[in-house]
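Peer 1:
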Amino acid sequence: MRYTNLFVPTLKESPAEAEVISHQLMLRAGFIRKLTSGIYTYLPYGLAAIRRVESIVREEMNRAGAQEILMPMVQPADLWRESGRYLKYGPELLRFTDRHERESCLGPTHEEVITDIARREIHSYRDLPVNLYQIQTKFRDEIRPRFGLMRGREFIMKDAYSFDIDDKAAEQSYRAMHDAYTRIFSRCGLDFRCVEADSGAIGGSFSHEFMVLAETGEDTIAVCTACSWAANLEKAAVLPPRQKNIAAMLPLGEVETVGKKKVATVCEFLGIPTTALAKTIVFTADGVAVALLIRADREVELVKIKNYLGVQELRVAEEKEIFDAVGVAVGYLGPVALPIRLLVDQEITGMANFTTGANRKNYHLVNVNPNRDVLLKEVGDFRRIDGDDPCPSCGGPLQLIQGIEVGHIFKLGTAYSETLKAYYQDQNGNEKPLVMGCYGIGVSRVVAAAIEQNHDKNGIIFPVPLAPYQVVVLNLATDDDELTAVAETIYADLQAAGIETLLDDRGERPGVKFKDADLLGFPYRVTVGKRFREHGMAEVVRRRDGRSEACAPAELAGFLGDRLSGGSD
Ligand code: ATP
Ligand code: MG
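Residues in the sequence shown are numbered consecutively from 1, following the working numbering.
Printed below as a string of structure tokens:
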């Protein structure tokens, strides 16, 4: 491709709306343009990068035995009602009515449609296993679309669905997808970790996420520095307290704490560390008030509570809701004689003689003890793991790092096949529900994540496998026929050698060409300029580290071919 033919509208400045670097660079390098909130046009250069990811995904899915299909984007509400998700999915599901008053929605995911295919077309154990995938535009009406392609409302996803005869076979399918994902993200040249994850709104029993490590990632993951354990914070299990505080129980007492409502002010006033205070937080769980008792310095993990309660909606209750349910002002809530359901974080069971609110305005209780004062009916792991907690698998030290979720695999079991009645006949003629798995990759997000992880102050540093063009040839003397002929020959040679090459044949100043080459992130830059006459060599510069080498034009194809296939870039 010639630069003069390429539609790549670059920008000198970063648009103010772009908060993260991948979004800034994608706008500046002419990858995408915004139509409206969370909805983008993919321009040629951006689409080319997306296509690179798609082709790696396709190759690996096909290699793993999955077959490509393409399902409709518009889906009937009735099918979603049948699965029970039409209401349950929440406002991310864009619902609308067509001219015949038929309710429909735009597919945020395709479990319903694929299970409908399966119940119609899969009849016997002889038809199994089956794994079908598609690469398609999804629509989710995200509450906060942001960071460009990282969290769009419209985005490109690869989603695959497996069907098996039983749990054991389904586990094999899951493992095959796990391995395929590992190959995909390795081939994309990404630094990633596979972590244990919560199965969320999709449902199911077992799941892993693939996280690209980047400081701007919206997810935090806990990684063990001693073993291979890693998990999303939402899921990361905290070990029960190892030791009980065996201090003798002191008599329960009430102290006046006028106007002291915040953890820090109560602790300062009473002269105690935050580890000696337990806070009582009230939530609204599907409209019902539920309290949690947790050590005051700990963070609550909402997903753990939500899963424990099995509710759809969970949020911290508002002051008025709390007062209506408990009759006490926020700041003085406590577990003793609390009139609503109380969950207790397991860490509390190891504490003794701690302080809590007294369920009376301007008072706290001291020397509260589990069992004696607090009913331990519902004890569980409700807090977020901390950097100084031990690894739940080996006890080793943990590290908390940021990640971008690029892939998610779920073992669904029979949740969808049972509700949607997708059965097959086994060897003995018995009707059995299909055992399912589902597997997603955020294809457009992968490109954003790759840039987030691979850039410098001058622009993108494309990993070779994702670069739309692996080499750019800069002709710095377009007004010189002799040098232009050299650049043209190099361009033709590289293309003939199967290297995707862009020839910068614009009549721009060298400085502009260098800047654009850096911004667009080509892994290698070959320069033909005035100095070529002195020694007959082209300059080859590697984008990643600026390493510069000289090479005779006739040897360039071989030289770059070796570098590009060496995997060292
Ligand atoms: P997130 O927690 O980031 O919202 P999710 O758990 O809702 O993701 P899945 O339903 O597992 O996502 O979808 C599969 C993959 O699709 C994700 O791993 C992610 O890479 C991608 N994805 C999900 N939502 C978006 C979005 N709004 N924009 C771009 N990619 C997305
Ligand atoms: Mg989501």
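Cβ coordinates follow ideal geometry from the N, Cα and C atoms, glycine included.
Could you tell me the alpha carbon to alpha carbon distance between Arg102 and Leu93, rounded to whole angstroms?
Peer 2: Answer to the nearest angstrom: the Cα atoms are 16 Å apart.
Peer 1: Determine, using beta carbons only, whether Pro510 and Leu476 come nearer to each other than 8 Å.
Peer 2: Yes, the pair counts as a contact, with Cβ atoms nearer than the cut-off.
Peer 1: Count the CB pairs spanning the stretch 413 to 433 and the stretch 24 to 32 that are closer than 8 Å, and state whether there are at least three.
Peer 2: Counting Cβ pairs under 8 Å, fewer than three are found: no touch.
Peer 1: Take Phe206 and list the residues in its own chain whose beta-carbon comes closer than 6 Å to its own, dropping the five residues that flank it on each side.
Peer 2: So the qualifying residues of the chain are Lys411.
Peer 1: Within 10 angstroms of the Cβ of Gly536, are there 16 or more other Cβ atoms? Answer buried if so, exposed if not.
Peer 2: Burial call: exposed.
Peer 1: Does the beta-carbon of Pro9 have 16 or more other beta-carbons within 10 angstroms, so that it is buried, or is it exposed?
Peer 2: Exposed, because fewer than 16 other Cβ atoms sit within 10 Å of the Cβ of Pro9.
Peer 1: Could you work out which residue in Thr274, Gly407, Ile385 is closest to Thr355 when comparing CA atoms only?
Peer 2: Checked all of Thr274, Gly407, Ile385; the closest Cα to Thr355 is Thr274.
Peer 1: Are Ala180 and Ala18 closer than 8 Å when you measure CB to CB?
Peer 2: Cβ atoms of Ala180 and Ala18: not closer than 8 Å.
Peer 1: My understanding is that Ala291 touches Leu252, with C-beta atoms under 8 Å, so please give their C-beta distance in whole angstroms.
Peer 2: Their Cβ separation, rounded to whole angstroms, is 19 Å, which puts Ala291 and Leu252 out of contact at 8 Å.
Peer 1: Should Leu309 and Thr349 be called a contact, given that it needs their Cβ atoms to be closer than 8 Å?
Peer 2: Contact: no.
Peer 1: Considering Cα atoms alone, identify which of Val366, Pro241, Pro390 is closest to Leu250.
Peer 2: Cα-wise, what sits closest to Leu250 is Val366.
Peer 1: Cβ atoms of Met61 and Ala169: under 8 Å apart, would you say?
Peer 2: Result no, Cβ atoms of Ala169 and Met61 do not sit closer than 8 Å.
Peer 1: Let me check one thing: in DSSP terms, what residues is Arg509 bridge-paired to?
Peer 2: According to DSSP, which records beta bridges pairwise, Arg509 is partnered with nothing at all.
Peer 1: Quick check: the stretch 447 to 463 against the stretch 105 to 121, are there 3 or more CB pairs under 8 Å?
Peer 2: With the cut-off at 8 Å, the stretch 447 to 463 and the stretch 105 to 121 do not touch.
Peer 1: Grouping DSSP H, G and I as helix and E and B as strand, with all else coil, what is Ser393?
Peer 2: Ser393: coil per DSSP, three-state reduction.
Peer 1: Would you say Glu209 and Val195 are within 8 Å of each other, going by their C-beta atoms?
Peer 2: Closer than 8 Å, so yes.
Peer 1: Spatial neighbours of Gly561 within its chain, please: CB distance less than 6 Å, with the 5 preceding and 5 following residues excluded, ordered by chain position.
Peer 2: Closer than 6 Å at Cβ, skipping near neighbours: Ala497.
Peer 1: Let's see if you can read the secondary structure: which residues bound the beta strand (DSSP E) around Leu293?
Peer 2: 288 to 295 is the span of the beta strand (DSSP E), which, as asked, contains Leu293.
Peer 1: At the level of alpha carbons, what is the spacing between Asn369 and Asn353?
Peer 2: Cα to Cα, Asn369 sits roughly 5 Å from Asn353.
Peer 1: Could you have a look at Tyr423 and say whether DSSP puts it in helix, strand or coil?
Peer 2: In this structure, Tyr423 counts as strand in the three-state DSSP scheme.
Peer 1: One question on the structure: do Met73 and Gln136 come within less than 8 Å of each other, judged by their Cβ atoms?
Peer 2: Yes, the pair counts as a contact, with Cβ atoms nearer than the cut-off.
Peer 1: If the criterion is Cβ atoms closer than 8 Å, does the pair Arg384 and Glu313 meet it?
Peer 2: In this structure, Glu313 does not lie closer than 8 Å to Arg384 by Cβ.
Peer 1: Does the beta-carbon distance from Leu474 to Tyr491 come in below 8 Å?
Peer 2: Going by C-beta atoms, Leu474 is not nearer than 8 Å to Tyr491.
Peer 1: Thinking just about the alpha-carbon of each residue, which of Leu333, Phe283, Met351, Glu378 is nearest to the one in Lys361?
Peer 2: Ranking Leu333, Phe283, Met351, Glu378 by Cα distance to Lys361 puts Leu333 first.
Peer 1: Quick check: does the Cβ of Thr109 come within less than 7 Å of any heavy atom belonging to the ligand ATP?
Peer 2: For the ligand ATP, at least one heavy atom lies less than 7 Å from the Cβ of Thr109.
Peer 1: For the stretch 406 to 467, which segments carrying the alpha helix (DSSP H) assignment without a break, of at least 4 residues, lie completely within its bounds, in sequence order?
Peer 2: If we require 4 residues or more, the alpha helix (DSSP H) runs fully inside the stretch 406 to 467 come out as 415 to 419, 443 to 453.
Peer 1: Would you mind sorting Arg35 into buried or exposed? The rule is 16 or more other CB atoms within 10 Å of its CB.
Peer 2: A small correction: the amino acid at residue 35 is Leu; Arg does not occupy that position in the sequence shown. By the neighbour-count rule (16 or more Cβ atoms within 10 Å), Leu35 is not buried but exposed.
Peer 1: In this structure, how does DSSP classify Asp127 when only helix, strand and coil are distinguished?
Peer 2: If DSSP states are grouped into helix, strand and coil, Asp127 belongs with the helices.
Peer 1: Would the beta-carbon of Ala285 be found less than 7 Å away from any heavy atom of the ligand GTP?
Peer 2: Among the ligands in the structure shown, the ligand GTP does not appear; only the ligand ATP and the ligand MG can be found there.
Peer 1: If you run the structure through DSSP and keep just helix, strand and coil, what is Phe382?
Peer 2: Residue state, collapsed to three classes: coil.
Peer 1: Apply the 10 Å Cβ neighbour rule to Thr257 and answer buried if 16 or more other Cβ atoms are within range, or exposed otherwise.
Peer 2: That one is buried.
Peer 1: Please return the same chain residues whose Cβ sits closer than 6 Å to the Cβ of Gln495, not counting the five positions on each side in sequence.
Peer 2: For Gln495, where only same-chain residues beyond five positions count, the Cβ hits under 6 Å are Thr501.
Peer 1: When you compare only the Cα positions, how much space is there between Gln427 and Thr414?
Peer 2: The straight-line gap from Cα to Cα measures roughly 19 Å.
Peer 1: How would you write the range of the beta strand (DSSP E) that Val366 sits in, first residue to last?
Peer 2: That run of the beta strand (DSSP E) goes 363 to 368.
Peer 1: Taking its Cβ as the centre, do 16 or more other Cβ atoms sit within 10 Å of Ile340, making it buried, or is it exposed?
Peer 2: That one is exposed.
Peer 1: Just to confirm my understanding: we take Gly30, look at its own chain, exclude 5 residues before and 5 after, and list those with CB closer than 6 Å. What are they?
Peer 2: So the list reads Val8, Pro9, Thr10, Leu43, Tyr45, once near-sequence residues are dropped.
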